[in-house]
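Residue numbers (our numbering): 2 to 305.
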């Protein structure tokens, strides 16, 4: 009788039943690491992140590696020894510029996603757990952003900044990116707050903040976390689009968007100015999106 009661008793906040999903998650990661569909985009993402972290090392593989060492006498020249992509219109090594462009583009993608995730976790958790007026206010605020043209809004806000830096562009991108992840986080917390271990913690006297931090958020954040990789790819594309339109980063900053903006005037004569930055940009976005798709498929029980 006693043993039967132990098996059916609800799990308390400190019981070993709470982290029961963690071994399954570890098993899922082990299975993912054996799948080429996951390993290949992961390797590509890690390579691009390493390129963004230490561009000098990668840029030095085929030449001097300095994107600012330019000579007009090489303007527009094609590939030569030590310069596999040739030169841009200012006589700078195009390969070095493309490699160094990874730093600003990926930095904006990562910083924007971190800011977006922080806002989504806070607002989504509050709306999902407390409901009522809190949920109504957060939901109506999300509806405002969903109904506003994102591109137009980002252009208008960016025009108010005197300096377009990595931080300012990231802040503007995060301002218009948080509603999607916030809605997902809210739905996930709504599903978690009625589970047995949350009810048990509440009955044992745990306060709302403790329940959120120790029980609701850790068990509800996985759907949002697996979508962050897809979000990084979308942010990198958005930054390139804004910079291409002339409202994002500006020279002397080096990003793939800046290079695409410059190339639009010369790509008919020098197609490499457009081709190589666009190729690296596409690979980065493809890597993050494929990685996010694999993670979503692996951790979503409906897709298993």
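Each residue gets a CB set at the ideal place from its N, CA and C atoms; glycine is no exception.
A quick note: this is a predicted structure, and the numbers were derived from the prediction, not measured.
Assigned secondary structure, residue i (DSSP; H/G/I helix, E/B strand, else coil)
i, result
"residue 88", "strand"
"residue 81", "strand"
"residue 252", "coil"
"residue 204", "helix"
"residue 216", "helix"
"residue 164", "coil"
"residue 179", "helix"
"residue 295", "helix"
"residue 194", "coil"
"residue 1", "With the chain covering only 2 through 305, there is no way to say anything about residue 1."
"residue 123", "helix"
"residue 55", "coil"
"residue 62", "coil"
"residue 260", "helix"
"residue 209", "helix"
"residue 135", "helix"
"residue 234", "helix"
"residue 247", "coil"
"residue 288", "helix"
"residue 150", "coil"
"residue 270", "coil"
"residue 107", "helix"
"residue 156", "helix"
"residue 76", "coil"
Assumed close pair residue i, residue j - CB separation to whole angstroms, cut-off 8 Å
i, j, result
"residue 169", "residue 162", "5 Å"
"residue 129", "residue 43", "Not a contact, Cβ separation roughly 31 Å."
"residue 292", "residue 40", "10 Å between Cβ atoms; not a contact."
"residue 49", "residue 288", "6 Å"
"residue 277", "residue 86", "5 Å"
"residue 182", "residue 118", "6 Å"
"residue 362", "residue 53", "Since the displayed the chain opens at 2 and closes at 305, residue 362 lies outside it and no answer follows."
Neighbourhood of residue i by C-beta, 8 Å cutoff - its chain only, sequence neighbours within 5 removed
i, result
"residue 300", "26, 29, 223, 224 and 227"
"residue 270", "77"
"residue 279", "257 and 261"
"residue 67", "60, 94 and 97"
"residue 294", "231"
"residue 209", "130 and 131"
Residues bridged to residue i (per DSSP)
i, result
"residue 71", "93"
Cβ shell of residue i (< 6 Å), same chain only, five flanking positions each side left out
i, result
"residue 232", "114"
"residue 282", "241 and 257"
"residue 116", "175"
"residue 251", "165"
"residue 72", "92"
Test: residue i CB closer than 8 Å to a CB of chain C
i, result
"residue 156", "In the displayed structure, chain C is absent; only one protein chain is listed."
Chain-order list of residues whose beta-carbon lies under 7 Å from that of residue i (same chain, five-residue window excluded)
i, result
"residue 147", "180"
"residue 56", "100, 101, 103 and 104"
- Task: Would you be able to state if there are at least three C-beta pairs under 8 Å between the segment 169-188 and the segment 237-254?
- Result: yes
- Task: Would you check if there are 3 or more beta carbon pairs closer than 8 Å linking the segment 244-264 to the segment 93-104?
- Result: yes
- Task: Spell out a yes or no on whether the segment 151-167 and the segment 80-96 are touching, meaning 3 or more CB-CB pairs, one atom from each, closer than 8 Å.
- Result: no
- Is the segment 118-126 touching the segment 184-204, taking contact as three or more C-beta pairs under 8 Å? yes
- Are the segment 259-273 and the segment 80-93 touching, with three or more C-beta to C-beta distances below 8 Å? yes
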